[in-house]
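Enquirer: Once you've had a glance at the structure underneath, I'll fire off some questions.
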Amino acid sequence: MNVNIDLSELELPDKEKKILEAAILISNEKGFSSTTTSEIAKRAGVAEGTIFRYFKTKKDILHGIMLQAIRIAADKILLNSLYDIFKSREQKELRVILKEILLDRLELVQRFFPMFRVLISEALFHQDIREVICSNLINRLDKEIREFYSNLAARGQIRTDVDPMLVMRNIIGNFLAFIGQKMLFTDNFSLSESTGEIDAMITLILDGISPAKQTKGGD
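Numbering (full-length UniProt numbering), first residue to last: 1 to 219.
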């Protein structure tokens, strides 16, 4: 599969960027655990020793590359647009807001497919990667999520008898499961082919799986 990685907006030295790109591409092809530093160096066009200028220990080098990718993705790619959505005061329906958020995330998945595919697959098996994802994404959004939730609750669009973070983690979990499925079980990702699934998933999040209550007679 021919894949491209656009890391142009990341503020990194050129060699470090090449190392990161090489690690992501090779890991995407053959798996994180099977990737070696010599392969990364060859693909990046640098000496193997150059890698150790940026990632200090051999034991943690590949892990460090992935953790760095998570931090970069969080700071430069994921959080900015979420902040904008959460801080928006437009009177939109919750269903519309959720779809905007998910489409925004999925556009990024499509753009950075190889990197996110590696991160998600490795997060399933490595606790420290999951912790970094949590600390760099969910925990850093805590204040914005609570304000966003309060805004929706004040407009009567969402329940007020449960903890906001519990609700939002449930929603985020559904989104991540959907994204993870697309990344782990497909060789590519097409946003245009997923809109029907997105609408169905949002309906399940908001309405659950029980059939709608039917009224009897004129009740």
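Note that the Cβ used here is the ideal one computed from N, Cα and C, for glycine as well. Just so it is clear, the structure is predicted and the values come from calculations on it, not from any experiment.
#1: Nearest to Leu184 by alpha carbon, out of Lys17, Asp163, Ala123, Leu94?
#2: Count the other CB atoms, across all protein chains shown, that sit within 10 Å of the CB of Thr203; report buried if there are 16 or more and exposed otherwise.
#3: Relative to the alpha-carbon of Thr160, which residue among Ser38, Leu103, Tyr149 has its alpha-carbon at the smallest distance?
#4: Using beta-carbon positions only, say whether Leu103 and Ile198 come within less than 9 Å of one another.
#5: Roughly how many whole angstroms lie between the Cα atoms of Gly64 and Glu48?
#6: Let me know the secondary structure DSSP gives His126 once reduced to three states.
#7: Taking DSSP as the reference, what is the three-state secondary structure of Gln181?
#8: Under the three-state reduction of DSSP, which class applies to Asn4: helix, strand or coil?
#9: Whose C-beta lies closer than 8 Å to the C-beta of Ile26 among residues of the same chain, with five residues either side of it excluded?
#10: Look up Leu12 in the DSSP assignment and say whether it is helix, strand or coil.
#11: Between Leu106 and Phe178, what straight-line distance do the alpha-carbon atoms span, to the nearest angstrom?
#12: With a CB to CB cut of under 8 Å and the five nearest residues on each side skipped, what residues in its chain are close to residue 223?
#13: Buried or exposed: where does residue 228 fall if 16 or more other Cβ atoms within 10 Å of its Cβ makes it buried?
Expert: According to the data block:
#1: Ala123
#2: exposed
#3: Tyr149
#4: yes
#5: 15 Å
#6: coil
#7: helix
#8: Only weak support exists for where Asn4 lies, its pLDDT of 49 falling under 50; the value from the coordinates is given anyway. Three-state result, Asn4: coil.
#9: Thr35, Glu39, Ile40, Arg43
#10: coil
#11: 10 Å
#12: Residue 223 is absent from the model: the chain starts at 1 and stops at 219.
#13: Shown here, the chain extends from 1 to 219; a query on residue 228 therefore has no answer.
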